[in-house]
Structure formats: C-alpha cells, structure tokens
Amino acid sequence: MLFCKFNCKLISKWEKGYSVPDADLLSKLADELDVSVSELLGKDEIPAEETDSLSNQLARINEQLSIRNRRAKRVWKAAIVLAIVFFLVIPAVTILGNMMWSSNLDGADTGYAGRLEYTCTLDGEEYSYDIEYDDHYHVTAGGGDSFVADHTDVENYDDARKAAAAIEDYFRNHGGTAEQTEAKGLELD
Numbered sequence: 421m422l423f424c425k426f427n428c429k430l431i432s433k434w435e436k437g438y439s440v441p442d443a444d445l446l447s448k449l450a451d452e453l454d455v456s457v458s459e460l461l462g463k464d465e466i467p468a469e470e471t472d473s474l475s476n477q478l479a480r481i482n483e484q485l486s487i488r489n490r491r492a493k494r495v496w497k498a499a500i501v502l503a504i505v506f507f508l509v510i511p512a513v514t515i516l517g518n519m520m521w522s523s524n525l526d527g528a529d530t531g532y533a534g535r536l537e538y539t540c541t542l543d544g545e546e547y548s549y550d551i552e553y554d555d556h557y558h559v560t561a562g563g564g565d566s567f568v569a570d571h572t573d574v575e576n577y578d579d580a581r582k583a584a585a586a587i588e589d590y591f592r593n594h595g596g597t598a599e600q601t602e603a604k605g606l607e608l609d
C-alpha cells in the first residue's frame, strides 16, 4: 500500500494547475489504484507509446517549476541581503563615522588652536560672538549674534587678533562693553 501524506492544499494546487504532481508519484499512485496515469489525469486511455511522452512532459513541467522556485528563492535572498545592507550596514557605518569624527573633536585635532568668546553690551542689549583660529591666528570660524557681525565687519578679517580688536573697538567707541568671557587654547599676543 502506498502511504502518502497529501493535504487538501496540495491537491487543490494540482486541481487549479498551480503545481503538478511528481511523475514518480503519479506512476506509483496509478499502480496502487490499478489505473493508468492518463486515467488518473482524467484523459482517455492513451496507448503505451504515448505514456512515455506524457511522463517526459510531466518531468519537463516539474523541472520548470523547480527552476522557477529556485529563481524565486534567489530573488528573496537578494531582497533580504539588500534589506540587511540598507537597515543595518548603512546606519552602522554612519554611526561609526560620527563616533570617529566626534572623537577627533575630543582629541588633539579640534580644527582650531584657540577660541575667543565675547559678551558685548550696547544700549542695554547683550550680544555674544565667538572667534576660532588656527596656530597662525587665521580665523577658521566665527559666529554669534548677527548684530556684531553686521556692525564690526568681523567676518572680513583673516587675523583673529584684528577681528578681536574690531569687536572691542566698536563697542567701546559706541559706549558699550566687549568682554572676553572665555579664551581657550592658544592665546592672542
């Protein structure tokens, strides 16, 4: 007796034409039921010569289905690999890059040798401005309240000493104050 585990879904796929039973399985099932393979498939009796042709066709169909299934598996594998790259590798590289960049900021090479922070007052208003400079006192960055930049032309100076003097002179000449609240790194001469 042939013991096969068929479920309703498998038989339904056969009936709807989504899949084809294996040729060996059809042959064993036909032998067990004492019918020909063609009768099992619902066709009229086929001469013995055509039975081989039918078996060959079923074998070809099975091979095509297995090829299609392998392709589908490859597509899914590629999709999973791309998803892993997109959701894990790219963020990991970004995070590691940011960590390395921020560790450079905490380390020796911060991009500037010195930094001045000014707190300025004029007519009851308070303004702040920062100047960063390298070993040769060239201004590498500056920023703060736009009032300071607009009225002192501090952004036009390449030398940090001249930029600092321009801020101090402007506020003192107009009855205000310009105090260095913090100086870091290389001090100005």
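So the sequence shown is numbered by the working numbering: it starts at 421 and just counts up by one.
For each residue, glycine too, the CB sits at the ideal point set by N, CA and C.
Please read these numbers as outputs of a predicted model, since none were measured by experiment.
- Query: In three-state DSSP terms, what is D554?
  - Reply: Correct three-state label for D554: coil.
- Message: Whole angstroms are fine: how far does the CA of L508 sit from the CA of L688?
- Response: Residue 688 falls outside the range modelled here, since the chain spans only 421 to 609, and no answer is possible.
- Excluding sequence positions up to five away, which residues of its chain have a Cβ less than 8 angstroms from the Cβ of V440? Counting only Cβ-Cβ distances below 8 angstroms, and skipping sequence neighbours, we find W434, L478, I481, N482, L485.
- Message: Please identify the residue among L536, N476, K436, E452 whose C-alpha is closest to the C-alpha of D442.
- Response: Of the candidates L536, N476, K436, E452, the one whose C-alpha sits nearest the C-alpha of D442 is N476.
- Message: So for A598, helix, strand or coil by DSSP?
- Response: Strand.
- Message: Please tell me whether Y549 and Y538 are closer than 7 angstroms, where the distance is taken between their beta carbons.
- Response: With respect to Y538, Y549 sits close: the two C-beta atoms are nearer than 7 angstroms.
- Close Cβ partners of L460 (< 6 angstroms) along its chain, the five nearest in sequence each way excluded: Around L460: A450.
- Name the one or two DSSP bridge partners that D610 has. In this structure the chain extends from 421 to 609, so residue 610 is not present and cannot be described.
- Message: Along the chain, where does the alpha helix (DSSP H) containing L536 start, and where does it finish?
- Response: Segment 534 to 542 is the beta strand (DSSP E) holding L536; no alpha helix (DSSP H) there.
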